[in-house]
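Just add 120 to wherever you are in the sequence shown, counting from 1, and you've got this note's numbering. Only one structure is covered here, and it is reproduced in the block below.
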Amino acid sequence: MICAATLSDLYVLELAEPRPHGGVRREAAPARPAPELEPPPAPAPSPLLQIRGVTLEYRTPQRVVRATHRIDLDIHAGDRFVLLGPSGCGKSTLLKAAAGFITPVEGAITLAGAPVRAPGPDRIVVFQEFDQLPPWKTVAQNVAFPLRAAKALGRREPQERARHYIDKVGLTPFADSYPHQLSGGMKQRVAIARALAMQPRVLMMDEPFAALDALTRRRMQEELLALWDEARFTLLFVTHSIEKALVVGNRVALLSPHPGRVRAEFNSHAFDLTSIGSEAFQGAVQRLHTRLFEADAPAEANR
Ligand SMILES: Nc1ncnc2c1ncn2[C@@H]1O[C@H](COP(=O)(O)OP(=O)(O)O)[C@@H](O)[C@H]1O
Ligand SMILES: [Mg+2]
């Protein structure tokens with residue numbers, strides 16, 4: 121089902137619900153303040169990654185390019201949160217800002233309440249390009265290297281953890297191979313293993329399968345969802361593909377064209393790879409397609 125119920129909507133619904141009074145007649149004395157009839161509602165869980173009013177710009181000698189405009193997003197622990205939007209709407213820029221590579225000109229990004237000011241091992245990005253791996257290191261060395269560099273583990277642990285995640289992505293027979301001996305899909309698996317081995321608080325992926333052939337892409341999506349099922353990490357995933365957004369995500373934020381604004385948010389947890397082709401899936405694709413390509417409403421354009 122596609123619906124845009126937010127936590128605040130649920131909160132309002134909760135408050136609007138009639139509550140039983142337990143049959144006790146309360147005669148409040150006029151002089152005293154009204155007694156508390158209800159315990160306060162439970163606070164909404166605080167998001168792991170919070171993006172508030174975030175505007176991002178590039179300054180070139182000639183001009184300023186505004187990539188995103190006042191983005192608000194809440195990503196909760198365990199979410200598979202997708203940023204969906206047309207090319208050039210600022211998805212990669214927003215991801216880089218969440219990773220700490222770019223500082224907002226307006227607004228703030230926090231991770232577990234702490235401001236994001238620089239890149240850190242708690243936020244690892246997997247990019248689309250196949251050349252993310254130093255070619256002079258084997259698969260095992262590539263995965264273990266950032267673990268060693270972080271210096272948080274003992275002498276043997278990086279290697280053991282690397283082997284574990286290499287196994288998770290099915291590359292054990294290739295642990296001693298070099299990147300040039302691997303296919304594009306295999307290189308992306310190494311990049312994913314390397315990222316997961318760091319056990320980041322948020323795993324970020326920027327169109328990670330876009331350069332792969334259709335069959336490999338589908339298999340990689342399946343594998344990613346299986347890995348998520350096992351480890352329940354928090355995923356922030358960028359794509360311009362509606363189908364991919366619905367399959368990979370449980371929440372989808374739809375961004376408007378350049379500069380990116382949040383146009384809508386949808387739940388998409390009902391869909392997975394088996395839903396493709398179903399009537400409900402096609403209907404959802406159609407609705408997202410319409411929202412993606414409709415013109416900004418004037419009120420939205422002024423936000
Ligand atoms: N390094 C850069 N310098 C100047 N402008 C840039 C730079 N990188 C991206 N942009 C511009 O910022 C906007 C958003 O880019 P990007 O975040 O890459 O979009 P997306 O990932 O959604 O395709 C685009 O208009 C793009 O041309
Ligand atoms: Mg991009």
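All C-beta atoms in this analysis are idealised placements derived from N, C-alpha and C, irrespective of residue type, glycine included. This structure is a prediction, so every number in the text was calculated from the model and none was measured.
- Bounds of the beta strand (DSSP E) holding Ala373 are Arg371 to Leu375.
- Cβ contact annotation for Thr336 (same chain, cutoff 8 Å, sequence separation greater than five): Ser303, Gly304, Gly305 and Phe329, in chain order.
- It is roughly 15 Å from the alpha-carbon of Ala404 to the alpha-carbon of Gly205.
- With a threshold of 7 Å, the Cβ atom of Gly205 counts as near ligand 1, since some heavy atom of the ligand is closer than that.
- Counting C-beta pairs with one atom in each stretch, the segment 281-288 and the segment 235-247 have fewer than three that are closer than 8 Å, which means they do not touch.
- Under DSSP, Glu277 shares a beta bridge with no residue.
- Counting only the Cα atoms, Thr359 lies some 19 Å from Glu414.
- Per the Cβ contact rule, the segment 226-239 is not in contact with the segment 251-260 (fewer than 3 Cβ pairs under 8 Å).
- Between Ile191 and Ile222, the C-beta gap is not smaller than 8 Å, which leaves the two residues out of contact.
- Taking Asn262 as the centre and dropping the five residues before and after it, the same chain places the C-beta of Leu253, Pro254, Pro299, Val310 and Arg314 closer than 8 Å to its C-beta, in chain order.
- Residue pairing by DSSP places Tyr178 opposite Val185 in a beta bridge.
- Apart from sequence neighbours up to five positions away, the residues of its chain that approach Gly227 with a beta-carbon distance below 7 Å are Arg172, Gly173, Val174, Thr175 and Arg190, ordered along the chain.
- Among the bridge pairs identified by DSSP, Arg172 is matched with Ala228.
- Contact annotation: Gly274 and Pro379 have beta-carbon atoms that are not nearer than 8 Å.
- Secondary structure of Arg314 (DSSP, three-state): helix.
- Counting along the chain, the unbroken beta strand (DSSP E) around Glu385 starts and ends at Val382 to Asn387.
- Not one heavy atom of ligand 2 falls within 7 Å of the beta-carbon of Lys288.
- Glu277 has its alpha-carbon roughly 30 Å from the corresponding atom of Arg339.
- A direct Cα-Cα distance of roughly 35 Å separates Asn387 from Arg283.
- When beta bridges are read from the DSSP output, Ile191 appears opposite Val174.
- Closest by C-alpha distance to Val225, out of Phe357, Gln406, Tyr178 and Ala295, is Tyr178.
- In this structure Val322 does not touch Leu203 by the C-beta definition: roughly 13 Å separates them, more than the 8 Å allowed.
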